[in-house]
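Peer 1: Pasting in a structure now, in structure tokens, and then I'll have a few things to ask.
Numbering (my numbering), first residue to last: 101 to 348.
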């Protein structure tokens with residue numbers, strides 16, 4: 101709550117600037133999650149999807165106010181959401197009177213265990229940007245960085261093989277694992293994070309320019325009871341965007 105309060109104060113202080121914003125930018129881009137925490141890795145190890153399956157388009161919106169010829173403050177929001185259905189690799193399922201069981205896929209199986217893995221990340225960011233050549237050039241390079249609040253959710257819904265509880269099928273002489281239905285979720289979470297960015301703006305008409313930008317978002321979100329035992333969830337990602345600027 102303290103981080104949220106500080107961020108709200110920053111936003112309120114910047115409201116006068118927004119009423120005289122120099123640039124409004126609409127962006128379309130591509131989000132590449134770093135996906136290095138253990139929940140991500142567990143999913144990639146056990147399911148038939150990969151890290152690249154969670155790369156996806158995103159859309160953004162930015163207000164930017166120039167404090168001087170080279171310096172500006174920007175407030176931006178963009179969003180990423182990806183839902184992927186994964187099948188367990190190497191296992192098939194059997195239904196029995198005492199529950200569902202995962203067997204090696206050398207057996208025929210009655211079904212394939214599967215679940216959905218959904219990740220949503222919406223950063224609300226404040227950036228300080230520097231355009232070393234000013235904003236009157238034919239090509240306007242810039243660099244910057246800042247802080248933000250990351251609104252995020254993660255959900256796992258479907259079959260869950262419990263590898264921590266092995267059993268032995270004496271009839272078939274094979275190790276098996278129980279399968280449980282699950283709907284584990286962390287929803288409407290807020291995490292403080294950082295970012296750095298670099299890009300170019302190219303004027304193409306009166307008050308209009310095109311923008312290309314690379315941004316690295318850096319954040320981790322703490323997981324609670326739904327994913328007990330996992331380390332903080334990696335929200336870090338790389339964002340490549342193309343934007344349309346309108347200058348006031």
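Beta carbons: idealized from backbone N, C-alpha and C, even for Gly.
Would you list, in sequence order, the uninterrupted beta strand (DSSP E) runs of no fewer than 3 residues that lie entirely inside the region 296 to 342?
Peer 2: Fully enclosed beta strand (DSSP E) runs of 3 or longer: 308 to 318.
Peer 1: Would residue 311 and residue 342 be called neighbours here (beta carbons separated by less than 8 Å)?
Peer 2: Going by C-beta atoms, residue 311 is nearer than 8 Å to residue 342.
Peer 1: Residues in its own chain within less than 6 Å of residue 211 by CB, not counting five upstream and five downstream?
Peer 2: So the qualifying residues of the chain are 193.
Peer 1: Taking the alpha-carbon positions, what's the residue 322 to residue 190 distance?
Peer 2: Cα to Cα, residue 322 sits roughly 30 Å from residue 190.
Peer 1: Ignore the nearest five residues each way along the sequence and tell me which others in residue 141's own chain have a CB closer than 6 Å to its CB.
Peer 2: Once the five neighbours on either side are set aside, residue 141 has no close Cβ partner at all.
Peer 1: Quick one, which of 335, 316 and 301 has its alpha-carbon nearest residue 346's?
Peer 2: The option with the nearest alpha carbon to residue 346 is 301.
Peer 1: Quick check on residue 201: buried or exposed, where buried means 16 or more other Cβ atoms within 10 Å of its Cβ?
Peer 2: Buried, since its Cβ has 16 or more Cβ neighbours within 10 Å.
Peer 1: Identify the continuous beta strand (DSSP E) that holds residue 269 and give its terminal residues.
Peer 2: 267 to 269 is the extent of the beta strand (DSSP E) around residue 269.
Peer 1: For the region 145 to 158 and the region 167 to 176, state whether three or more C-beta atom pairs, one from each stretch, are separated by less than 8 Å.
Peer 2: Counting Cβ pairs under 8 Å, fewer than three are found: no touch.
Peer 1: Rounding to the nearest angstrom, what Cα-Cα distance links residue 103 and residue 204 in this structure?
Peer 2: Note on residue 103: pLDDT 48, under 50, position unreliable in the model; the coordinate value appears next. About 47 Å.
Peer 1: State the beta-bridge partners of residue 232 as determined by DSSP.
Peer 2: Looking at the DSSP assignment, residue 232 forms no beta bridge with any residue, so it has no partner.
Peer 1: Kindly provide the ranges of any alpha helix (DSSP H) runs that are 4 or more residues long and lie completely inside the region 187 to 247, ordered along the chain.
Peer 2: Taking only runs of at least 4 residues, no alpha helix (DSSP H) segment lies wholly in the region 187 to 247.
Peer 1: Since residue 143 is in the alpha helix (DSSP H), which residue starts that stretch and which ends it?
Peer 2: Residue 143 -> alpha helix (DSSP H) spans 138 to 146.
Peer 1: Can you list, in chain order, the residues of its chain with a C-beta nearer than 7 Å to that of residue 171? Leave out the 5 residues immediately preceding and following it.
Peer 2: If we look at residue 171 and ignore the five residues flanking it on each side, its Cβ neighbours are 230.
Peer 1: Flag residue 273 as yes when its Cβ comes closer than 7 Å to any non-hydrogen atom of the ligand MG, and as no otherwise.
Peer 2: Because no ligand of any kind appears in the structure shown, any question about the ligand MG cannot be addressed here.
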